[in-house]
Structures are given as structure tokens and as C-alpha cells.
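Structure first, then comments.
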Amino acid sequence: MNNLVICEGLSKVFSGCLALDNVNLAIGRGKVIGLLGPNGSGKTTLIKLLNGLIQPTSGSVLIDGHGPDTYTRSIVSYLPDRPYFADWMKVSDVLDMFSDFYNDFDRSKASDMCRALGIAETAKIKTMSKGTREKIQLILVMSRKAQLYLLDEPIAGVDPAAREYILGTIINNYNDDGSVIISTHLISDVERILDEVIFIREGKVLCHEAVDEMKDREGKSVDGVFRSYFRMTPYAGYNNPQGDMEAVKGGSTDDL
Amino acid sequence: MTFKLVKYEFRSMIRLMGVLWAGLPAMAIIMAVFQKIFPYDGLGEYPAVLNILNNLFTFTYIAMFIALIAVTVIIIIMRFYKGLMRDEGYLMHTLPVKTRQLITAKGVTAVAVSIISMAVAVVSILLLSAFDGVLINRIGYFLSELAGLMTKQPVYVLMCLEVIILALAWIMADIYKVYASLSIGQMAPKYKIALSAAVYIGISIASIFLLTAFAEGISMLAGSLPQSVLQPVQDWFAGLSMADGLEGVVMVSLLLFIIYDALQIAVYHIISEQSLRRRLNLE
Chain Y
18 MNNLVICEGL SKVFSGCLAL DNVNLAIGRG KVIGLLGPNG SGKTTLIKLL
68 NGLIQPTSGS VLIDGHGPDT YTRSIVSYLP DRPYFADWMK VSDVLDMFSD
118 FYNDFDRSKA SDMCRALGIA ETAKIKTMSK GTREKIQLIL VMSRKAQLYL
168 LDEPIAGVDP AAREYILGTI INNYNDDGSV IISTHLISDV ERILDEVIFI
218 REGKVLCHEA VDEMKDREGK SVDGVFRSYF RMTPYAGYNN PQGDMEAVKG
268 GSTDDL
Chain W
7 MTFKLVKYEF RSMIRLMGVL WAGLPAMAII MAVFQKIFPY DGLGEYPAVL
57 NILNNLFTFT YIAMFIALIA VTVIIIIMRF YKGLMRDEGY LMHTLPVKTR
107 QLITAKGVTA VAVSIISMAV AVVSILLLSA FDGVLINRIG YFLSELAGLM
157 TKQPVYVLMC LEVIILALAW IMADIYKVYA SLSIGQMAPK YKIALSAAVY
207 IGISIASIFL LTAFAEGISM LAGSLPQSVL QPVQDWFAGL SMADGLEGVV
257 MVSLLLFIIY DALQIAVYHI ISEQSLRRRL NLE
């Protein structure tokens with residue numbers, strides 16, 4: 018089987034709201050794929066479905082030929098959009114835990130990365146800042162030699178310097194035979210590392226294409242294409258009833 | 007894998023419960039030593055500060071005793087709820103283990119923690135009486151009588167074993183009932199805790215009806231058996247009895263309760279596993 022991930026007719030309804038609408042995707046191996054869309058477009062829902070953390074309303078998900086199960090969990094390395102550590106855990110506890118459960122986890126690599134970031138293994142995770150906790154999760158995820166990395170908003174809420182570090186860590190540490198799916202709405206930061214992009218809006222996949230092909234066809238960056246796909250008209254407000262962006266910003270709307 | 011999960015679960019429990027497990031016996035020792043030096047019957051003659059200290063120790067001990075029971079129950083429920091249905095679930099449900107292993111690890115650890123908490127409570131009471139010669143003598147007498155009875159009538163060893171197994175099964179069935187309720191409640195898009203509480207009440211009522219039906223069924227089955235089948239059983243009871251077959255009846259009753267609890271555990275486990283495996287909802 019060539020495709021690592023196959024989604025067929027995948028839909029998810031939350032309390033009457035359609036979060037994913039008939040998604041069909043085939044994702045190959047050895048690629049870095051950007052799952053791009055504005056907030057609330059269904060990126061996290063899709064990633065949770067791939068992990069089996071929620072169940073589809075209809076359709077199916079296959080990873081390396083299996084529905085989400087014990088096998089897929091052993092080949093998927095997942096970075097959620099929130100910290101998942103228990104209050105009692107020290108850094109060493111969670112490193113031990115990954116060593117115990119994942120055969121592909123490289124404990125010494127994780128320790129090296131902790132040292133490089135000045136994170137003490139004896140420190141209690143509960144007392145750490147949000148940014149440090151995110152870095153620990155990234156270390157855990159990227160210290161595995163997984164087939165599929167599912168990274169949900171890995172650079173949201175961190176400063177530009179930390180973004181550079183995170184993206185560098187991802188690119189330098191993922192398994193070459195595996196694929197990486199990065200969900201984000203910060204396109205300009207990630208586009209240089211992407212092989213393919215998936216645009217998603219209101220639960221629908223708008224396009225799934227190689228980055229080079231997209232750039233050649235559209236004649237602009239992925240960020241530029243994204244902006245044209247997802248352009249929104251700003252609320253004009255009482256002071257600018259004509260909605261004149263020149264008046265608001267003193268410049269072109271393309272600068273936004 | 008289950009053993010590894012139990013290891014981490016137990017580690018978390020020790021960090022959460024450790025202070026109380028160590029603190030309650032320590033407080034009991036402090037009280038026992040204090041009362042040995044300043045006996046109750048002379049408290050009126052001591053300076054006021056000693057009376058205040060005595061009241062403070064007593065209050066602290068009682069508060070810690072109540073806290074031990076309350077915290078044990080709360081921690082057992084919270085470890086399951088937070089561990090599998092809140093943010094921590096993002097880690098636990100993406101480990102390469104089966105759902106039934108996650109539930110079993112939680113259940114086994116919860117039973118062990120309950121037993122340890124009960125043992126700590128009993129030990130603390132014994133420590134309170136460490137310098138009370140009368141109570142120690144009474145406990146010693148009770149244990150020697152029990153040992154004598156067991157030596158004369160080995161059937162009492164079996165009966166004690168049944169009581170222990172029944173106690174464990176009863177604790178486990180109750181814990182699994184909470185697990186099943188939470189597992190069903192998590193499927194709801196909103197008001198998960200309220201639904202879990204409603205399910206718990208519903209299951210509890212249903213289990214009382216089922217227990218009554220189970221007892222009635224056994225009674226009807228026993229009543230319908232021909233005398234040729236019953237007589238050897240009655241003779242066996244009489245043979246091992248010191249009280250006209252009463253021990254045999256007690257043993258069979260205990261066994262039936264154990265079977266009933268085992269059935270409950272199995273049913274609650276299946277409900278929890280199916281709910282979390284097929285309808286996991288970490289929205």
C-alpha cells in the first residue's frame with residue numbers, strides 16, 4: 018500500500034454542527050504536509066479522527082491500512098494542541114513512560130534535547146511555563162522514529178524565535194520514511210518546509226496539492242494563495258462605513 | 007503493557023496519597039505518646055496549653071482520618087476521569103495499548119489504593135492504642151481465639167478467605183460501577199458529569215433489582231432440586247459444621263455474592279471498554 022493515510026467520505030457532526038464534510042484524502046509517505054485553514058475550519062477535528070480520539074459520524078480513516086487501533090498508535094507520533102501531562106509528572110517520568118511504551122522512542126536523543134534546551138529532567142512539569150511544556154511535548158514527539166507525525170498547531174502561541182526552533186527541530190528529526198502533517202494557520206512560518214498543502218475551510222477540503230505545483234500555477238507563495246482563498250472583508254465599523262481599507266490602514270489590503 | 011500502566015498509575019497514586027498515608031499513622035503516634043505522658047484522666051490538672059494541644063491533636067487526627075477516606079474516593083474517581091476523559095486522555099489514548107488494559111490498570115490500582123487506605127486507617131487506630139495495654143490484650147485474645155478456631159475447624163480458613171475475596175470483589179465492583187457511569191457520560195456532547203451521575207443512580211437501582219432477582223433465582227433453583235441431589239450437600243454441610251450446617255450455608259451465600267460481584271465487574275468492564283473504544287469523545 019503506497020498511501021500512508023486514506024480518508025474516505027469522512028464527516029463529523031458536533032451537536033448539530035458539521036465540523037468535517039465528506040473529506041476524501043490520500044497522503045503518501047516521506048512528505049511534509051501542511052494542513053492549512055483558518056481557526057475553526059476542522060483541522061483539529063481531522064487530526065483527532067486520525068488518532069481515534071473522536072469517532073467519525075460517517076466515512077472511514079485508514080493509516081497504513083488500519084483503522085485507528087493499537088497498531089496505528091504505535092506508528093503515529095501525535096502532538097496535541099494542549100498539554101497532556103498529569104500533575105504529578107516530572108520530565109523524567111514522561112521520558113520513562115515513552116521509553117516503556119514506544120519501541121521507536123530514542124531516550125538518549127530526548128535527554129540530549131532536554132539538555133540543549135536547559136530543561137532539567139528532575140523538574141516537575143506542573144511548575145513549568147506553557148512554552149516549556151510545549152517544548153517537552155515536541156521533544157517527546159520528535160524523539161520517536163514514527164511513520165506518521167501529526168502535529169496540531171505546533172507553533173501557535175509561541176514567539177518567532179521559538180517558532181524557528183520548533184520548525185528546525187521538526188525538519189531535522191523526523192523519520193525520512195514517514196510523513197509529517199502540520200496543522201496551522203501561520204502559513205508564512207511553515208511554508209518553506211512543506212512539500213504539500215491541504216487547504217480546509219468549514220470542514221471541506223478545498224485543495225490538496227504539491228507546494229511547487231501550486232506556486233508555479235498561482236505565481237505566488239503558499240501564504241499568498243492562502244490569503245486569496247480565505248480573504249475576508251473586514252467589518253467596516255461606524256467610522257468607515259464605506260469599508261475603505263486604505264482609510265483604515267493607510268495602505269493596500271494585500272499588506273494585511 | 008498492563009503491568010507498565012499499573013506502574014505509572016500507582017506512582018501517581020503514591021504521589022497524591024503519600025502524605026496522608028504517612029501523616030495519619032504519624033499523627034496517631036504523636037497522640038499516643040502525648041496521652042501516655044499526659045493521660046486523659048489527669049488533663050484537668052495540667053496547664054491550659056496542654057489541654058489545647060490535646061484538642062488540637064485530636065481534631066487534626068479526626069480531620070486526617072476523614073480526609074483519608076474522602077481523598078481516596080475522590081482520587082480514584084478523578085484519576086479515571088482526568089486520566090482518560092480530559093487532557094491527560096490525549097496521552098493515554100494514544101499509547102499503543104488496548105482500551106481494556108487502560109481500564110484494568112486503573113481498576114487494579116484503585117483497589118490496591120483502597121486496601122492501603124483501609125490498612126492505614128486500621129494501623130492508625132492500633133497505634134492510637136499502642137500504649138493501651140487492655141486493648142492490645144483484647145486484640146491478642148481475639149486473634150488467638152480465631153487461630154484456635156481455624157486449627158480445629160479448617161472450614162473457617164475457607165470462610166475467612168471467602169470474606170476477603172468478597173470484600174475485594176465488592177470494592178472492585180463499586181469502582182467499576184463508577185467507571186462504567188463515567189464512560190457512558192463522556193459520550194454526551196454536554197453535561198457529561200450530570201449524565202454520569204444519572205447513569206450511576208440508574209445502574210445502582212438496576213443492580214439492586216438484579217441482586218434480588220439473582221437471590222430469588224438461586225432460591226427457586228435450590229427449591230426445585232430433588233432431595234436426592236440436596237441430601238449429599240446437606241450431609242456435607244453437617245459434616246464440616248459445628249452449628250448444624252450453618253457454616254455451610256454462610257459459605258455458599260458468600261460464594262454466591264462473590265459470583266454476583268464478579269458478574270457485575272465483568273459487565274461494568276465491558277460497558278466501559280465498549281464506550282471508550284467505540285464512542286470515545288475527547289471533544
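Order-wise, the sequence lines are chains Y and W.
If you're matching positions, the first sequence starts at 18 in the working numbering and goes up one per residue.
If you're matching positions, the second sequence starts at 7 in the working numbering and goes up one per residue.
All C-beta atoms, glycine included, are put in the ideal place defined by N, C-alpha and C.
Under the DSSP assignment, residue 70(Y) falls outside any alpha helix (DSSP H); it carries neither an H nor an E label. Residue 64(Y) and residue 82(Y) have their C-alpha atoms spaced approximately 17 angstroms apart.
Residue 120(W) counts as buried, since no fewer than 16 other beta carbons sit within 10 angstroms of its beta carbon. Non-local beta-carbon contacts of residue 98(W) in its own chain, meaning distances under 8 angstroms to residues more than five positions away in sequence, involve 89, 90, 108 in chain order. Within 7 angstroms of the CB of residue 142(Y), no CB atom of chain W is found; the nearest one sits about 12 angstroms away. Taking each of 67(W), 238(W), 26(W), 34(W) in turn and checking the Cα distance to residue 78(W), the smallest one comes out for 26(W). According to the DSSP secondary-structure assignment, residue 34(Y) is paired through a beta bridge with 31(Y). For residue 258(W), there are no C-beta contacts with chain Y under 7 angstroms, since the nearest C-beta of that chain is about 42 angstroms from it. Residue-level contact by beta carbon fails for residue 39(W) and chain Y, as no gap is shorter than 8 angstroms.
Between the segment 117-136 of chain Y and the segment 132-143 of chain W, the count of Cβ pairs shorter than 8 angstroms is below three; the stretches do not touch.
If you ignore the 5 residues before and after residue 169(W), its C-beta comes within less than 8 angstroms of the C-beta of 260, all in its own chain and listed in chain order. Judged by beta-carbon spacing, residue 44(Y) lies within the 8 angstroms limit of residue 21(Y), meaning their Cβ atoms are closer than that value.
Residues of chain Y whose Cβ lies closer than 8 angstroms to the Cβ of residue 160(W) do not exist; the shortest such Cβ separation is about 44 angstroms. Excluding sequence positions up to five before and after residue 126(Y), its CB lies within less than 6 angstroms of the CB of 160, all in the same chain and listed in chain order.
Counting along the chain, residue 115(W) sits inside the alpha helix (DSSP H) bounded by residues 105-134.
Under the 10 Å beta carbon count, residue 175(W) is surrounded by 16 or more other beta carbons and is classified as buried.
Taking the CA atoms as reference points, residue 27(Y) sits about 39 angstroms from residue 16(W). Annotated three-state conformation of residue 181(Y) is helix, per DSSP. In this structure, residue 157(Y) sits away from residue 80(Y), with a CB-CB distance that is not shorter than 8 angstroms.
The beta-carbon distance between residue 113(W) and residue 181(W), rounded to whole angstroms, is 6 angstroms. This is short enough to meet the 8 angstroms contact definition. For the C-beta of residue 289(W), the chain Y residues within less than 7 angstroms are, from N- to C-terminus, 31, 71. The C-alpha of residue 212(W) lies about 54 angstroms from the C-alpha of residue 47(Y). Burial of residue 53(Y) is indicated by the presence of at least 16 other C-beta atoms within 10 angstroms of its C-beta. For residue 155(Y), same chain residues with a beta-carbon under 7 angstroms away, outside a window of 5 residues either side, are 96, 171, 183, 186 in chain order.
Residue contact with chain Y for residue 147(W): absent (no Cβ-Cβ distance below 8 angstroms to any residue of chain Y). Across the set 83(W), 235(W), 104(W), the C-alpha of 104(W) shows the shortest separation from the C-alpha of residue 7(W). In the structure shown, residue 52(W) falls within a coil segment according to DSSP collapsed to helix, strand and coil. Under the three-state reduction of DSSP output, residue 221(W) falls in the helix class.
Restricting attention to 179(W), 289(W), 195(W), the CA atom closest to the CA of residue 267(W) is found in 179(W). Here DSSP, grouped into helix, strand and coil, assigns residue 173(Y) to coil. Under the rule that a run must span 3 or more residues, the beta strand (DSSP E) segments found entirely inside the segment 86-157 of chain Y read 93-96.
When CB distances to chain W are screened at a threshold of 7 angstroms, not a single residue of the segment 141-169 of chain Y falls below it.
Shown in chain order are the members of the segment 57-68 of chain Y whose Cβ falls below 8 angstroms from a Cβ of chain W: 65, 68. Look at residue 123(Y): its C-beta is not under 8 angstroms from any C-beta on chain W.
Neighbours of residue 191(Y) across chain W, judged by C-beta separation under 8 angstroms, do not exist; the nearest C-beta is about 17 angstroms away. Listed as beta-bridge partners of residue 24(Y) by DSSP are 42(Y), 78(Y).
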